[in-house]
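Q:
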Amino acid sequence: MSAHAPPHPPRSSAVVAALIRKDLRLELRSGEAVPAMLLFSVSTFVLFHFGLDREALEGDLASGVLWVTLLFASVLAMNRLFVAERDEGGFDGFLLAPVDRTTLFVAKAVVLLCFLVAVELVAIPAYAVLLLGPSPWQAMPELLVVLALADLGIAVVGTLVGALGIRTGAPDLIVPIITLPLMLPIVIGAAQATAPLLLEGGAEALSGRWLASLGLYDMVFALIALAVFDFLLED
Amino acid sequence: MFGRGLTSLSIAAAALVTSAFALVFFYAPNDADQGFVQKIFYLHVPLALVALAGFVAGGLYGVQFLRSGDRSYDLRSYVAIHISIIFGVGALLTGAIWAKASWGHWWVWDEPTLVAFLVVFLLYACYWPLRFSIEDPERQARYAAVFAILGGAFVPLCFLSVRFAQAAFTHPRVLDASGGSMPGAMRLTFLLSLGAIALLYMTLFKYELAAKHASIQLRRLKRRLAGDETFAAPARSAAPQHL
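For the record, the sequence lines run as chains C and G. Residue numbers for the first sequence follow this note's numbering, beginning at 1111 and rising by one. Residue numbers for the second sequence follow this note's numbering, beginning at 642 and rising by one.
#1: If I'm right that Ala1301(C) touches Ser1173(C) with Cβ under 8 Å, what's the distance once you round it to whole angstroms?
#2: So, with DSSP's three-state summary, where would you put Asp715(G)?
#3: Would you call the CB atoms of Glu1198(C) and Phe1204(C) closer than 9 Å?
#4: Under the three-state reduction of DSSP, which class applies to Gly676(G): helix, strand or coil?
#5: Tell me whether Leu1242(C) sits in a helix, a strand or coil according to DSSP, three-state version.
#6: Using three-state DSSP, classify Leu1309(C) as helix, strand or coil.
#7: Could you tell me whether the Cβ of Glu752(G) comes closer than 9 Å to any Cβ of chain C?
#8: Determine the closest residue to Gln858(G) out of Ala694(G), Leu688(G) and Ser713(G), with distance taken between C-alpha atoms.
#9: Closest to Arg1319(C) by CA distance: which of Thr1304(C), Leu1309(C) and Phe1331(C) is it?
#10: By a C-beta neighbour count over all protein chains shown, 10 Å radius and 16 as the cutoff for buried, is Lys863(G) buried or exposed?
#11: Which class does Leu884(G) belong to by DSSP, given the choice of helix, strand or coil?
#12: I want to know whether the segment 753–770 of chain G touches the segment 1286–1296 of chain C - three or more CB-CB distances under 8 Å.
#13: When you check each C-beta in the segment 778–793 of chain G against every C-beta of chain C, which residues fall closer than 8 Å?
#14: State the start and end residues of the unbroken alpha helix (DSSP H) segment that holds Tyr1327(C).
#15: Rounded C-beta distance between Pro1246(C) and Leu1240(C)? I'm assuming under 8 Å.
#16: Compare the C-beta of Val803(G) against all C-beta atoms of chain C and say whether one is closer than 9 Å.
#17: Starting from the beta carbon of Arg1319(C), find every residue of chain G whose beta carbon is closer than 8 Å, and list them in chain order.
#18: Would you mind sorting Thr1278(C) into buried or exposed? The rule is 16 or more other CB atoms within 10 Å of its CB.
#19: I'd like to know if Pro1291(C) contacts chain G, where contact means its C-beta is closer than 9 Å to some C-beta of that chain.
#20: Taking C-beta pairs closer than 8 Å, name the residues in chain A that Ile775(G) reaches, listed in chain order.
#21: Are Ala1273(C) and Phe1339(C) close, meaning C-beta to C-beta below 9 Å?
#22: Does any CB atom of chain C fall closer than 9 Å to the CB of Leu764(G)?
#23: Quick check: what's the CA-CA separation for Gly820(G) versus Arg828(G)?
#24: Can you list, in chain order, the stretches of the alpha helix (DSSP H) that have 4 or more residues and sit fully within the segment 1154–1211 of chain C?
#25: When the Cα atoms are used, what is the spatial distance from Asn671(G) to Pro1306(C)?
#26: List the residues of chain G that Leu1274(C) touches, going by C-beta distances under 7 Å, in chain order.
#27: So what's His854(G) in DSSP terms, helix, strand or just coil?
#28: What does Val760(G) touch in chain C if you count any residue whose Cβ is under 7 Å from its own?
#29: Please tell me whether Tyr1327(C) has its Cβ less than 9 Å away from any Cβ of chain G.
#30: Starting from His685(G) and walking both ways along the alpha helix (DSSP H), at which residues does that stretch end?
#31: Is the separation between the beta-carbon of Gly792(G) and that of Phe667(G) shorter than 9 Å?
#32: Would you identify the three-state DSSP class for Phe643(G), choosing helix, strand or coil?
#33: Between Arg717(G), Ala839(G) and Leu771(G), which lies nearest to Leu688(G) when the distance is taken from Cα to Cα?
#34: Would you kindly work out how many angstroms separate the C-alpha atoms of Leu1136(C) and Arg1190(C), rounded to a whole number?
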């Protein structure tokens, strides 16, 4: 028995908080993910302006463009999420620590969620200025609900796919090709739920079944992710 | 080990497929408004259903692999997904032909069943790239199992959310409460075709399993004869190389 061993392993919530602090500090100092995601989003809005040749979007088209852009931007973050762990020995350090491995998944999912929220805080106003016809403020509370559910799904699945891809030979190829079909239910649910909120003639009511489908997706994949994430670390 | 009973299974599959086709062509009535082309239904629907069931089975084998660490489950999971992808290509092609003949278009976007199947197929098309990009065989097996589990859960979710997205559909529901409102002769033929394709799947599954297993054993024997130093490591492969 070593005299230096702590009497009991640290609590999981403390571990998760420490991991989140570490990642957010890393992002604040290096600015690797969020600025790139923002630039990518705004460039994509400009691309859609020319690609679709429209001055302003509303309804289905507005919500589709928004969600496709956010999904593509989130792929950038998924690719970066575990790079420090792989390149700088973070995985080894984490595996040596006497902590539950699922904490890494929870922490990374929260970090990805923070990145998405940070991007949306700027990208959605930018979208409203650049491309969106009707004001997004008319249905902001409903929009926030949809954003929260969809971001949660993207964060959960994105973290899992990021971990799945990071130690393959070609993560930058594997992560996007798996992510796009896997997140289709999120795009369907979020785009359909958002469309009536962005109508030119005023927002219509939010439909409950899209929220239910998003919620179901989030729940199922969160449970699966908690069950299988361990196996992506075991080495 | 995996070859036992293969001969009788093959004969049974061949007999069942032949009799199912005989029923399709000589017993089942022509569809009232689609005519003869509707008979592709007896191939298309079983292919799609069996492919989806195979994807889910691949996920279940993945669970068993992660629980037991037994490499033969990795092989089973790989083979199940492999043959399901081949059946999936068949289902997409026959579906496109049927859609062209009866709806006038090769592809129809407002069909939840088509779209969901395509998305599932696209996801599973990533299975090989994923396996191929991992060199370490142990990690390859583990990551492939995680993917298979994700995919297995994704299949029902995807169908659910795509079906949600379109309220009205023209694609027939075969497995609903009314049995797709098929008359008796059609239903009998359909059920027999489904059984035949499922048996065909199982036969092919066993064949590939036996072949893969034999080549793994052969390589092991060769290595033992030639010694580890002189025997070149196998080229990187998406298929499991060890048991």
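We put the beta carbon where it would ideally sit given N, CA and C, even for glycine.
A: With the structure as the only source:
#1: Sequence index remark: in the first sequence, residue 1301(C) carries index 191 (1-based). Sequence index remark: in the first sequence, residue 1173(C) carries index 63 (1-based). Contact between Ala1301(C) and Ser1173(C) holds: CB atoms are separated by about 5 Å, below the 8 Å threshold.
#2: Working through the second sequence from its first residue, we reach residue 715(G) at position 74. Helix, per DSSP.
#3: Here residue 1198(C) is taken as the residue at index 88 of the first sequence, counted from 1. Here residue 1204(C) is taken as the residue at index 94 of the first sequence, counted from 1. Not in contact: Glu1198(C) and Phe1204(C) (Cβ atoms no closer than 9 Å).
#4: To locate residue 676(G), count along the second sequence from 1; it is residue 35. When DSSP states are grouped into helix, strand and coil, Gly676(G) belongs to the strand group.
#5: Sequence index remark: in the first sequence, residue 1242(C) carries index 132 (1-based). Strand.
#6: Here residue 1309(C) refers to the residue found at position 199 when the first sequence is read from its first residue. In this structure, DSSP gives Leu1309(C) a state outside helix and strand, which the three-state scheme calls coil.
#7: Numbered from its first residue, the second sequence carries residue 752(G) at position 111. No, Glu752(G) lies away from the interface with chain C (no Cβ there is under 9 Å from its Cβ).
#8: Position 217 of the second sequence, counted from the first residue, corresponds to residue 858(G). Among Ala694(G), Leu688(G) and Ser713(G), the Cα nearest to that of Gln858(G) belongs to Ser713(G).
#9: For the purposes of this step, residue 1319(C) is identified with residue 209 of the first sequence, where counting begins at 1. Of Thr1304(C), Leu1309(C) and Phe1331(C), the residue nearest in Cα terms is Thr1304(C).
#10: For this step, residue 863(G) is matched to residue 222 along the second sequence. Around the beta carbon of Lys863(G), fewer than 16 other beta carbons lie within 10 angstroms, which makes this residue exposed.
#11: Here residue 884(G) corresponds to residue number 243 of the second sequence, with the count starting at 1. When secondary structure is reduced to three states using DSSP, Leu884(G) falls in the coil class, being assigned neither helix nor strand.
#12: Contact between the segment 753–770 of chain G and the segment 1286–1296 of chain C is present, because at least three Cβ pairs lie under 8 Å.
#13: Taking 8 Å as the Cβ-Cβ cut-off against chain C, the residues of the segment 778–793 of chain G that qualify are Arg780, Arg783, Tyr784, Ala786, Val787, Phe788, Ile790 and Leu791.
#14: As a working mapping, residue 1327(C) is identified with position 217 in the first sequence. Counting along the chain, the alpha helix (DSSP H) containing Tyr1327(C) begins and ends at Gly1318 to Leu1343.
#15: For this step, residue 1246(C) is matched to residue 136 along the first sequence. For this step, residue 1240(C) is matched to residue 130 along the first sequence. The C-beta distance from Pro1246(C) to Leu1240(C) rounds to 12 Å, too long to meet the 8 Å contact threshold.
#16: On the second sequence, residue 803(G) is found 162 positions in, with the first residue counted as 1. Against chain C, the CB of Val803(G) has a partner CB under 9 Å away; the residue lies at that interface.
#17: Along the first sequence, one-based indexing puts residue 1319(C) at 209. The contacting residues are Phe805.
#18: Here residue 1278(C) is taken as the residue at index 168 of the first sequence, counted from 1. The residue is buried, with at least 16 neighbouring Cβ atoms inside 10 Å.
#19: Counting from one through the first sequence, the residue named residue 1291(C) turns up at place 181. Using a Cβ-Cβ cut-off of 9 Å, Pro1291(C) counts as an interface residue toward chain G, since at least one Cβ of chain G sits closer than that to its own.
#20: Chain labels in this structure do not include chain A; the protein chains are C and G.
#21: Taking the first sequence and counting its residues from 1, the one referred to as residue 1273(C) is at position 163. Taking the first sequence and counting its residues from 1, the one referred to as residue 1339(C) is at position 229. Cβ distance < 9 Å, so Ala1273(C) and Phe1339(C) count as in contact.
#22: What you label residue 764(G) is simply residue 123 of the second sequence in a count that begins at 1. It does; some Cβ of chain C falls within 9 Å.
#23: Here the question's residue 820(G) lines up with position 179 in the second sequence. Here the question's residue 828(G) lines up with position 187 in the second sequence. With a pLDDT of only 49 at Gly820(G), under the threshold of 50, the placement of this residue in the model should not be trusted; the figure read from the coordinates follows. Distance between Gly820(G) and Arg828(G), taken at the CA atoms: about 8 Å.
#24: Within the segment 1154–1211 of chain C, the complete alpha helix (DSSP H) runs of at least 4 residues are 1169–1191, 1193–1197 and 1200–1206.
#25: Position 30 of the second sequence, counted from the start, is the residue given in the question as residue 671(G). Position 196 of the first sequence, counted from the start, is the residue given in the question as residue 1306(C). Counting only the Cα atoms, Pro1306(C) lies some 44 Å from Asn671(G).
#26: Against the first sequence, residue 1274(C) aligns to sequence position 164. Per Cβ cutoff of 7 Å: Tyr784, Val787 and Phe788.
#27: Within the second sequence, the letter at position 213 stands for residue 854(G). DSSP places His854(G) in the helix class (H, G or I) of the three-state scheme.
#28: The residue given as residue 760(G) occupies position 119 in the second sequence. Listed along chain C, the residues sitting closer than 7 Å to Val760(G) by beta-carbon distance are Pro1291 and Leu1294.
#29: Residue numbering aside, residue 1327(C) sits at position 217 when the first sequence is read from its first letter. Output row for Tyr1327(C): interface = yes.
#30: Along the second sequence, read from residue 1 onward, the residue named residue 685(G) stands at position 44. Phe682 to Ser709 is the span of the alpha helix (DSSP H), which, as asked, contains His685(G).
#31: Here residue 792(G) refers to the residue found at position 151 of the second sequence. Here residue 667(G) refers to the residue found at position 26 of the second sequence. Going by C-beta atoms, Gly792(G) is not nearer than 9 Å to Phe667(G).
#32: The residue given as residue 643(G) occupies position 2 in the second sequence. In the structure shown, Phe643(G) falls within a coil segment according to DSSP collapsed to helix, strand and coil.
#33: As a working mapping, residue 688(G) is identified with position 47 in the second sequence. Distance from the Cα of Leu688(G) is smallest, within the candidate group Arg717(G), Ala839(G) and Leu771(G), for Ala839(G).
#34: For the purposes of this step, residue 1136(C) is taken as residue 26 along the first sequence, with counting starting at 1. For the purposes of this step, residue 1190(C) is taken as residue 80 along the first sequence, with counting starting at 1. Each residue's CA atom was taken as its position, placing Leu1136(C) and Arg1190(C) some 12 Å apart.
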